[in-house]
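K.L.:
A single structure is presented below for examination.
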Amino acid sequence: MLIKEHVALIEKFYTAFNEKDAKTMTACYHKDLEFEDPAFGVLDYDQASAMWAMLLSGNNDIEIAFKNAWSENEFGGVDWEAKYPFSKTGRKVHNVIDAKFEFKDGLIVGHRDYFDFYKWSRMALGLPGILLGWTDYLHKKVQTQCASMLDKYMTENR
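For any residue, its number in my numbering is found by taking its place in the sequence shown, counting from 1, and adding 1.
Here it is as structure tokens:
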């Protein structure tokens with residue numbers, strides 16, 4: 002069974018993302034949200050909300066495209082892409098992501114982004130990504146750096 006409201010919510014989220022509107026993106030999330038992706042790991046509602054605000058506040062060159070939004074019962078998904086210069090290196094990244102969702106009370110309560118971390122690290126980091134992007138070491142290092150950046154952003158923007 003296709004849930005049109007859930008598809009509309011996914012489309013609202015990514016339209017807001019493309020328009021760099023973190024406030025509208027966050028309004029699509031349930032307070033019990035659990036977000037997860039390979040770079041940031043697992044985040045709660047406050048952390049995920051701050052992550053989107055942080056990513057959008059510092060990157061006017063990000064381009065978002067999405068397609069194939071779907072929903073069946075309390076689950077859904079979308080294919081999306083992000084093109085942007087990676088802030089630490091200035092290298093161009095074209096990340097292709099498969100997002101999966103869970104819904105509760107008409108909002109997104111689970112959001113998981115899946116992408117090839119090794120492919121991303123090669124684009125974003127260059128030689129270090131080529132040499133170490135397949136290792137747990139680099140993956141954990143990136144997650145630690147992302148957590149540190151997010152904590153700093155949240156502290157400065159309370």
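C-beta atoms are modelled at their ideal positions from N, C-alpha and C, and glycine is treated no differently.
For W53, which residues does DSSP report across the bridge?
P.N.:
Per DSSP, none; premise fails for W53.
K.L.:
For the segment 57-73 against the segment 7-17, are there 3 or more C-beta pairs whose distance is under 8 Å?
P.N.:
Because the criterion of three Cβ pairs below 8 Å is met, the segment 57-73 and the segment 7-17 touch.
K.L.:
Mapping the DSSP letters down to three states, classify I63 as helix, strand or coil.
P.N.:
Here I63 sits in coil by DSSP.
K.L.:
How would you label H112, buried or exposed, when you count the other beta carbons within 10 angstroms and need 16 or more for buried?
P.N.:
Classification for H112: buried.
K.L.:
I'd like to know whether the C-beta atoms of R92 and A51 end up nearer to each other than 9 Å.
P.N.:
Not in contact: R92 and A51 (Cβ atoms no closer than 9 Å).
K.L.:
Name the residue from D117, C147, T145 and A148 whose alpha carbon lies nearest to the alpha carbon of G134.
P.N.:
Measuring from the Cα of G134, the nearest candidate turns out to be D117.
K.L.:
Which residues mark the beginning and the end of the beta strand (DSSP E) in which N96 is found?
P.N.:
Segment K93 to K105, the beta strand (DSSP E) holding N96.
K.L.:
Output needed for A17: all residues of its chain with C-beta closer than 6 Å, excluding positions within five of it in sequence on either side, in chain order.
P.N.:
Cβ neighbours of A17 beyond the five flanking positions: T25 and M26.
K.L.:
Would you identify the three-state DSSP class for E82, choosing helix, strand or coil?
P.N.:
Strand at E82.
K.L.:
Can we say the segment 100-107 touches the segment 127-142, given the rule of at least three CB pairs closer than 8 Å?
P.N.:
Flag = no, the segment 100-107 and the segment 127-142 do not touch.
K.L.:
According to DSSP, simplified to helix, strand and coil, what is G42?
P.N.:
DSSP places G42 in strand when its eight states are reduced to three.
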